[in-house]
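Working notes for the structure below.
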Amino acid sequence: NRRIVLASRPHGAPTEANFRLESQHLPQLAEGQVLLRTVWLSLDPYMRGRMSDAPSYVPPIAIDAVMGAGTIARVEKSRHADFMEGEWVVSQNGWQDFALSDGRDLQRLPEAARQHPSWGLSLLGMTGFTAYMGLLDIGQPQAGETVVVAAATGAVGSVVGQIARLKGCHVIGIAGGAEKCRFAEQMLGFDRCLDHRDPSLAEQLRSYCPDGIDVYFENVGGKVFDVVLPLMNPRGRIPLCGLIADYNASAPSTLPDRLPQLQGAILRKRLRVQGFIITQDYPHRFDEFVRQMGQWVTEKRIVLREDIYDGLDNAPEIFAGMLEGRNFGKVVVRVAPD
Ligand code: NDP
Numbered sequence: 008n009r010r011i012v013l014a015s016r017p018h019g020a021p022t023e024a025n026f027r028l029e030s031q032h033l034p035q036l037a038e039g040q041v042l043l044r045t046v047w048l049s050l051d052p053y054m055r056g057r058m059s060d061a062p063s064y065v066p067p068i069a070i071d072a073v074m075g076a077g078t079i080a081r082v083e084k085s086r087h088a089d090f091m092e093g094e095w096v097v098s099q100n101g102w103q104d105f106a107l108s109d110g111r112d113l114q115r116l117p118e119a120a121r122q123h124p125s126w127g128l129s130l131l132g133m134t135g136f137t138a139y140m141g142l143l144d145i146g147q148p149q150a151g152e153t154v155v156v157a158a159a160t161g162a163v164g165s166v167v168g169q170i171a172r173l174k175g176c177h178v179i180g181i182a183g184g185a186e187k188c189r190f191a192e193q194m195l196g197f198d199r200c201l202d203h204r205d206p207s208l209a210e211q212l213r214s215y216c217p218d219g220i221d222v223y224f225e226n227v228g229g230k231v232f233d234v235v236l237p238l239m240n241p242r243g244r245i246p247l248c249g250l251i252a253d254y255n256a257s258a259p260s261t262l263p264d265r266l267p268q269l270q271g272a273i274l275r276k277r278l279r280v281q282g283f284i285i286t287q288d289y290p291h292r293f294d295e296f297v298r299q300m301g302q303w304v305t306e307k308r309i310v311l312r313e314d315i316y317d318g319l320d321n322a323p324e325i326f327a328g329m330l331e332g333r334n335f336g337k338v339v340v341r342v343a344p345d
């Protein structure tokens with residue numbers, strides 16, 4: 008069994024030196040367990056947080072422990088009454104070829120993902136669920152309203168924008184570079200997508216949101232938030248999903264303190280800013296999500312671009328690249344043929 012463990016905690020952006028590839032023998036399969044073979048490995052920004060020992064909503068990954076991750080796996084051997092050999096499952100194998108499970112952390116692959124198992128990590132799994140709950144439960148978009156979403160072509164952002172369009176909203180994405188923006192407009196159906204590296208981002212956003220912004224789905228933070236905040240409408244909603252611009256920061260920000268402006272805007276405009284952690288706040292709504300998203304996916308009303316890589320040993324480099332925006336779509340690694 009090859010596995011990638013956390014060798015040291017990163018300062019700033021993670022490097023290859025923070026990871027170590029190891030081989031080990033698997034323990035014997037016990038009664039009530041299954042042996043899982045990882046086929047698809049999900050790489051997600053939250054893993055950067057788990058590499059650090061700063062306080063968070065889950066404990067950090069221990070040094071020398073295998074990197075955690077959602078995976079799509081096949082049951083290789085089963086001594087568990089509920090799982091048959093050959094079956095697909097959504098599991099938490101982490102960055103390794105094989106894992107043992109007692110079944111409690113396993114879910115069956117949703118029906119709508121049968122033709123495309125990796126979607127169990129994205130459209131019909133964690134990132135799609137994040138987009139769905141954050142936008143609909145916290146953002147509460149109404150037809151005709153303006154919704155802005157950051158990291159617009161990513162795993163979460165691309166789905167947020169498409170759901171907002173299905174709800175009849177005017178949707179503006181913000182993404183890194185002309186190619187991603189073109190994709191958001193032409194393939195995802197966004198009304199407009201703006202490049203966050205363009206120095207005129209603030210003016211462009213103002214001109215494409217003539218009626219202000221009702222919902223801002225925050226994935227990024229940093230300078231993107233600075234240009235969005237002044238355009239928020241009274242009673243606007245901000246689902247605070249992620250702050251990826253800061254994940255690699257190794258020291259507190261040296262920017263001027265903007266807290267008074269932020270609090271002033273929240274007060275005067277009566278904004279609702281709500282953070283959420285999908286795995287902790289919404290497990291009770293997962294079945295509803297899978298039903299609705301399964302229908303949209305089957306009807307081809309929501310699409311997903313995946314950024315597919317091969318080989319477990321490439322995971323550290325792919326992961327570091329994602330944090331810098333080198334990915335284009337949901338990042339998945341094919342660990343074994345599917
Ligand atoms: P993505 O597929 O969107 O990949 C990350 C993207 O972030 C990059 O491609 C890049 O896109 C963008 N990015 C990185 N750095 C910056 C920066 N400095 N400024 C602007 N954009 C940047 O990842 P996900 O869709 O998986 O995750 C999106 C966000 O959602 C993350 O913040 C993540 O932590 C959060 N999340 C939160 C969850 C929760 O429960 N709260 C659950 C799942 C995800 P570009 O090139 O367009 O800039």
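Offset between the sequence shown (1-based) and full-length UniProt numbering: plus 7.
We put the beta carbon where it would ideally sit given N, CA and C, even for glycine.
On a predicted model such as this, the values are computed, not experimentally measured, just so you know.
Backbone CA spacing between residue i and residue j [nearest angstrom]
| i | j | result |
| --- | --- | --- |
| GLU169 | GLN31 | The residue asked about is misnamed: residue 169 is Gln in this sequence, not Glu. GLN169 and GLN31: Cα-Cα distance of roughly 43 Å. |
| TRP95 | PRO117 | 10 Å |
| ASN334 | ASP51 | 11 Å |
| GLN149 | GLY219 | 14 Å |
| ARG86 | GLN114 | 17 Å |
| LEU250 | GLU225 | 7 Å |
| ALA69 | SER15 | 9 Å |
| LEU28 | ASP112 | 25 Å |
| GLY282 | SER260 | 20 Å |
| ALA120 | GLY132 | 9 Å |
| PHE26 | ILE285 | 27 Å |
| ASP288 | GLU324 | 31 Å |
| GLY271 | ARG244 | 15 Å |
| GLN177 | MET239 | According to the sequence provided, residue 177 is His. The question's Gln does not apply to it. Roughly 14 Å separates the two Cα atoms. |
| GLY301 | PHE136 | 11 Å |
| SER98 | ASP104 | 12 Å |
| LEU13 | ILE79 | 21 Å |
| GLY184 | LEU33 | 44 Å |
| PRO67 | GLY332 | 24 Å |
| PRO246 | TYR223 | 7 Å |
| GLU186 | TYR215 | 19 Å |
| CYS188 | ALA182 | 6 Å |
| MET329 | ALA256 | 15 Å |
| MET58 | ARG341 | 22 Å |
| GLY318 | ALA343 | 8 Å |
| LEU262 | ASP109 | 48 Å |
Residues bridged to residue i [DSSP beta-bridge criterion]
| i | result |
| --- | --- |
| GLN281 | PRO246 |
| ARG341 | TRP47, ASP317 |
| PHE105 | ARG44 |
| residue 355 | The requested residue 355 is not part of the displayed model; the chain covers only 8 to 345. |
| PHE90 | None, per the DSSP bridge assignment. |
| GLN287 | For GLN287, which the question treats as bridged, DSSP gives no partner whatsoever. |
| ARG115 | VAL96 |
| MET239 | ILE220 |
First through last residue of the alpha helix (DSSP H) which encompasses residue i
| i | result |
| --- | --- |
| VAL166 | 162 to 173 |
| THR134 | 133 to 140 |
| PHE190 | 185 to 193 |
| LYS230 | 229 to 235 |
| TRP126 | Note, TRP126: premise wrong, no alpha helix (DSSP H); not H, not E. |
| ARG298 | 293 to 305 |
| ARG308 | From DSSP, ARG308 is part of no alpha helix (DSSP H); its letter is neither H nor E. |
| ILE273 | 266 to 275 |
| SER257 | SER257 -> no alpha helix (DSSP H), and no H or E assigned at all. |
| SER74 | Correcting the residue type first, residue 74 is Met in the shown sequence and not Ser. Where MET74 is concerned, there is no enclosing alpha helix (DSSP H), given that its DSSP letter is neither H nor E. |
| GLN211 | 208 to 215 |
| TYR64 | Per DSSP, TYR64 belongs to no alpha helix (DSSP H) and is neither H nor E. |
Limits of the unbroken beta strand (DSSP E) element including residue i
| i | result |
| --- | --- |
| ILE220 | 220 to 224 |
| residue 5 | Within the shown structure, residues of the chain are numbered from 8 to 345, placing residue 5 beyond reach of any answer. |
| PHE335 | No beta strand (DSSP E) contains PHE335, which DSSP labels as neither H nor E. |
| SER30 | 26 to 30 |
| ILE325 | No beta strand (DSSP E) contains ILE325, which is instead part of the alpha helix (DSSP H) from 322 to 330. |
| ARG111 | ARG111 -> no beta strand (DSSP E), and no H or E assigned at all. |
| LEU13 | 9 to 13 |
| PHE98 | Correcting the residue type first, residue 98 is Ser in the shown sequence and not Phe. From DSSP, the beta strand (DSSP E) with SER98 extends over 95 to 98. |
heavy atom of ligand 2 below 8 Å from residue i C-beta
| i | result |
| --- | --- |
| MET194 | Ligands displayed in this structure: ligand 1; ligand 2 is not among them. |
Any contact between the region 300 to 311 and the region 166 to 184? By contact I mean 3 or more CB pairs, one from each, below 8 Å. yes
At least three beta-carbon pairs within less than 8 Å, the region 336 to 343 to the region 151 to 165: yes
Does the structure place the region 54 to 72 close enough to the region 120 to 138 that three or more beta carbon pairs sit under 8 Å? no
Does the structure place the region 89 to 108 close enough to the region 30 to 47 that three or more beta carbon pairs sit under 8 Å? yes
Is the region 230 to 246 close to the region 204 to 219, with three or more CB pairs under 8 Å? yes
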